[in-house]
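Enquirer: I have a structure here, written as C-alpha cells, and I will follow up with some questions on it.
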Amino acid sequence: MTALPLHAEEETVAATEKIQPITQAEVQQSLTEMQQRLNLRIEQWGQSLQRDDFEWTWHGRKLKQSKRQEVCDIFQQVVNEMYQLMVENKARLRPEDQKLLSNRDGFIEKLGYQNNRVNTKMGFDCRLH
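So the sequence shown is numbered by the numbering used here: it starts at 2 and just counts up by one.
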C-alpha cells in the first residue's frame, strides 16, 4: 500500500467538499442549450430535404418513413445527450432528481415530453425512449 503525500489527501478531501448542487440557472441554461441544439439540427436536416423525400397520400404530401425516422433520431439524440449530462452531474443533483436517472421515462417526461411523445408538427409523432 502506498501512502499519499499529505497535500494529495487534502486535495481529495477538498475536491469532495467542492461539489455544489446544480443551480436553477444551470438547469435553465442546459435546457436552453438543448433547445438550441435541437432547433439547429432540425433546421440543418430540413435544408437537406429533396423532392423525392416525400410521398403522396390521400391526405396530401408527407415525408417518407425513412425521413420521419431521421427526425425522430434527432430528438432522441438530444434527449440522450441531456440524460448523459445529468448522469455526469449526478453528484450535484438533488436526491429526488437523482431518482429520475433510474426512471428514463420519468426523466423524459420531466423534459416536457408528455407520454414520451414528441409532436413534430410535421404530421407525425416520435416516441422517445
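Quick reminder that beta carbons are idealized off the backbone N, C-alpha and C, glycines included.
Quick one: using the 10 Å Cβ neighbour count with 16 as the cut-off for buried, is residue 88 buried or exposed?
Expert: With fewer than 16 Cβ atoms within 10 Å of its Cβ, residue 88 is classed as exposed.
Enquirer: Who are the Cβ neighbours of residue 101 in its own chain at under 7 angstroms, not counting the five residues just before and after it?
Expert: Cβ within range, chain order: 107, 108 and 111.
Enquirer: So what does DSSP say about residue 59, is it helix, strand or coil?
Expert: In the structure shown, residue 59 sits in coil (DSSP, three-state: anything other than H, G, I, E or B).
Enquirer: For residue 2, count the other beta carbons within 10 Å of its own beta carbon; 16 or more makes it buried, fewer makes it exposed. Which is it?
Expert: Caution is warranted here: a pLDDT of 46 is assigned to residue 2, below 50, making its placement in the model unreliable, and the coordinate value is therefore given only provisionally. It is exposed - the Cβ of residue 2 has fewer than 16 other Cβ atoms within 10 Å.
Enquirer: Which same chain residues end up closer than 8 angstroms to residue 37 when comparing Cβ atoms and leaving out the 5 residues on each side of it in sequence?
Expert: Hits under 8 angstroms: none found.
Enquirer: My understanding is that residue 80 touches residue 32, with C-beta atoms under 8 angstroms, so please give their C-beta distance in whole angstroms.
Expert: In fact, because the Cβ distance is near 12 angstroms, the residues do not count as touching under 8 angstroms.
Enquirer: Pull up the distance between the alpha-carbon of residue 5 and that of residue 19, whole angstroms please.
Expert: No answer about residue 5 holds up, because its pLDDT of 49 lies below 50 and its placement is not dependable.
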